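Numbering (the working numbering), first residue to last: 36 to 247.
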């Protein structure tokens with residue numbers, strides 16, 4: 036097996052960026068979900084409720100600060116776009132505590148499961164895609180470890196999927212049948228919640244060994 040792709044999402048619920056190499060820390064991929072959107076009442080705003088957030092793309096600038104559609108995340112232009120997606124008074128704020136993750140810091144998918152899913156992998160919002168995996172093998176991986184050349188990842192359990200999978204990652208158009216299909220064919224669970232067991236780095240093409 037090998038690392039087939041790596042993604043990070045510098046702003047939670049926005050489209051992310053695919054990278055060739057990433058640093059793995061105890062809080063997942065460095066630069067992942069550093070900033071979040073909030074509505075006018077101060078509640079976290081996600082694409083589950085405001086799917087238009089997915090139409091903005093977050094990347095990490097050379098200074099380590101997120102960019103939104105190529106603009107500094109604190110800029111007035113970005114603030115206007117966030118209000119357009121969420122509503123008047125919405126804003127972005129930086130928060131890099133562990134609570135920023137819905138479950139665990141990493142989401143690991145396999146190419147075998149994605150082929151069975153038969154839709155754009157971006158609907159699943161993985162951090163790491165493991166390649167050269169047969170079919171639904173990932174369903175037996177809970178509790179195992181992935182050993183990489185310079186890091187180790189602990190796989191915990193299968194991820195219960197939500198309404199975000201129903202939104203097209205480019206247009207934000209909804210297809211409710213996607214989630215119904217995940218429930219029907221995968222028991223509602225696809226990809227794996229994971230944590231970093233040994234900090235280091237991960238690079239596309241790295242060999243991967245399944246332990247346990």
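In this text, a Cβ means the ideal position worked out from N, Cα and C, and glycines have one as well.
Computed from a predicted structure; not experimentally measured.
Pairing residue 121 with residue 65 gives a Cβ-Cβ distance that is not under 8 Å. Between residue 169 and residue 39, the CB-CB gap reaches or exceeds 8 Å. For the 8 Å CB-CB criterion, residue 36 and residue 191 do not form a contact. The straight-line gap separating the alpha-carbon atoms of residue 102 and residue 45 is approximately 8 Å. For residue 159, there is no enclosing alpha helix (DSSP H), as DSSP marks it with neither H nor E. Linking residue 48 to residue 74 through their CA atoms gives a straight-line distance of about 13 Å. Taking each of 218, 234, 126 in turn and checking the Cα distance to residue 77, the smallest one comes out for 126. Under the 10 Å beta carbon count, residue 90 is surrounded by 16 or more other beta carbons and is classified as buried. Boundaries of the alpha helix (DSSP H) harbouring residue 120: 111-121, taken from the DSSP string. Around the beta-carbon of residue 159, 16 or more other beta-carbon atoms lie within 10 Å, marking it buried. In the structure shown, residue 65 falls within a coil segment according to DSSP collapsed to helix, strand and coil. From the listed residues 59, 57, 63, 240, the smallest Cα separation to residue 166 is found for 240. The residue from 226, 137, 235, 247 with its alpha-carbon nearest to that of residue 150 is 226.
Cβ contact annotation for residue 196 (same chain, cutoff 7 Å, sequence separation greater than five): 214, 217, 223, 224, 225, in chain order.
A direct Cα-to-Cα measurement between residue 220 and residue 143 gives close to 19 Å. If you check the CB distance, residue 163 and residue 141 come in under 8 Å.
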